[in-house]
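Quick note: the sequence shown uses this note's numbering, first residue 69, plus one each step.
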Amino acid sequence: MPGRIQSIERAAAILRLLASGPHGLGLTEISRSLELPKGTALGILRTLQHVGFVEQDPDSSRYRLGGGMLSLGTRYLDGNELRTRALNWADTLASRSGESVRIGTLHKHQVLVVHHVFRPDATQQILDVGTLLPLHATAVGKALMAFDPLAVPEETLAPAEADRAPVSLPSFTKHTITSFEVLTSQLAKIRDDGWSWEAEELVDGEVSIAAPIKDRRSMTVGAIGVRGAVERLRDSEGVPDMEQVSYVRDAARAISRDLGMSPY
Numbered sequence: 069m070p071g072r073i074q075s076i077e078r079a080a081a082i083l084r085l086l087a088s089g090p091h092g093l094g095l096t097e098i099s100r101s102l103e104l105p106k107g108t109a110l111g112i113l114r115t116l117q118h119v120g121f122v123e124q125d126p127d128s129s130r131y132r133l134g135g136g137m138l139s140l141g142t143r144y145l146d147g148n149e150l151r152t153r154a155l156n157w158a159d160t161l162a163s164r165s166g167e168s169v170r171i172g173t174l175h176k177h178q179v180l181v182v183h184h185v186f187r188p189d190a191t192q193q194i195l196d197v198g199t200l201l202p203l204h205a206t207a208v209g210k211a212l213m214a215f216d217p218l219a220v221p222e223e224t225l226a227p228a229e230a231d232r233a234p235v236s237l238p239s240f241t242k243h244t245i246t247s248f249e250v251l252t253s254q255l256a257k258i259r260d261d262g263w264s265w266e267a268e269e270l271v272d273g274e275v276s277i278a279a280p281i282k283d284r285r286s287m288t289v290g291a292i293g294v295r296g297a298v299e300r301l302r303d304s305e306g307v308p309d310m311e312q313v314s315y316v317r318d319a320a321r322a323i324s325r326d327l328g329m330s331p332y
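Written out as structure tokens, the structure reads:
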């Protein structure tokens, strides 16, 4: 029986590494992280660049995933039932809310954005399809954590030991919740309310609101949400715009109905 091909395994490892670094990685970082000789890493990178799977920033010389990978990913996502069922409802939500819309699913304790509708205005925006986002700092992620037990990493569920420091979650802004104890309390409220939100926990000046999407088995298979500026999605008292919350929940219910969830 033929054995594994080492060069392909190394190429796959480089692609996974680049997927985890949204701002790109340099040759030295890649070779050190994967314990590859620089010459070997460079040869693989140039080959991946030639076929369109990797591109190199002309200014910083850092490598990042290329358009060819996005094309392959989109082909996979097009076959995803959740995305297919949600297309029209996501467009409607963007139109009603006036904000950008993201649909995400759980992927290795992160949020995988499977669909993204731009905010319906003339501003320049970047497509987020295929992006991985943190669970604890996004409304879509919190909705997944609250309603899908598999979204919560096992290490955060283990009882704290006397000689072990409490689990600390990564921080992205000064508003990010880094205490799992605080997050657990918030997730309980999300389960009671049926929707989630965050204010400037991932990006300063931005707020996101989301609600879970369920299938015919009543299992949470994703979440849909809006993201926009603080001044548009949060009022002067520091609470989310409840009209926007109703738009998001309506969209989540509609997609869940199309996936066979009943009663809804």
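Beta carbons are placed, not taken as given, at the ideal position from N, Cα and C, and that holds for glycine.
query, result
"On the three-state DSSP scale, how would you describe residue 282?", "strand"
"Let me make sure I understand the geometry here. Which of 96, 101, 170, 105 has the alpha-carbon closest to that of residue 129?", "96"
"Can you give the Cα-Cα distance for residue 196 and residue 218, rounded to whole angstroms?", "24 Å"
"Please determine, among 164, 112, 313, the residue with the shortest C-alpha to C-alpha distance to residue 77.", "112"
"Does DSSP put residue 152 in a helix, in a strand, or in coil?", "helix"
"Quick one: Cα of residue 168 to Cα of residue 267, how far?", "16 Å"
"At the level of alpha carbons, what is the spacing between residue 206 and residue 120?", "31 Å"
"Quick one: is residue 171 buried, meaning 16 or more other Cβ sit within 10 Å of its Cβ, or exposed?", "buried"
"In whole angstroms, what is the alpha-carbon distance linking residue 360 and residue 102?", "With the chain running from 69 to 332 in the structure shown, residue 360 is simply not present."
"For the beta strand (DSSP E) holding residue 184, just list the boundary residues, first then last.", "179 to 185"
"Please determine, among 276, 162, 323, 320, the residue with the shortest C-alpha to C-alpha distance to residue 302.", "276"
"Is the beta carbon of residue 123 sitting closer than 9 Å to the one on residue 107?", "no"
"Starting from residue 255, trace the alpha helix (DSSP H) both ways and give me its first and last residue.", "248 to 261"
"Just checking my contact of residue 173 with residue 182 at CB under 8 Å: how many whole Å lie between their CB atoms?", "6 Å"
"Look at the alpha carbon of residue 247 and the alpha carbon of residue 259, and state the distance between them as a whole number of angstroms.", "19 Å"
"Under the three-state reduction of DSSP, which class applies to residue 292: helix, strand or coil?", "strand"
"Tell me whether residue 322 sits in a helix, a strand or coil according to DSSP, three-state version.", "helix"
"Give me the DSSP bridge partner(s) of residue 130.", "Paired residues: none, contrary to the question."
"So for residue 317, helix, strand or coil by DSSP?", "helix"
"According to DSSP, is residue 72 helix, strand or coil?", "coil"
"I'd like the list of long-range same chain contacts for residue 60, defined as Cβ closer than 8 Å, with 5 residues on each side in sequence excluded.", "Nothing can be reported for residue 60: it is not among the residues displayed for the chain, which extend from 69 to 332."
"Identify, in the order they occur along the chain, each residue of the same chain with its Cβ nearer than 8 Å to the Cβ of residue 244, setting aside the five sequence neighbours on each side.", "204, 205, 237, 238, 269, 270"
"Can you give the Cα-Cα distance for residue 159 and residue 185, rounded to whole angstroms?", "7 Å"
"Kindly indicate which three-state DSSP category residue 172 falls into: helix, strand or coil?", "strand"
"By a C-beta neighbour count over all protein chains shown, 10 Å radius and 16 as the cutoff for buried, is residue 137 buried or exposed?", "buried"
"Buried or exposed for residue 316, going by 16 or more other Cβ atoms inside 10 Å?", "buried"
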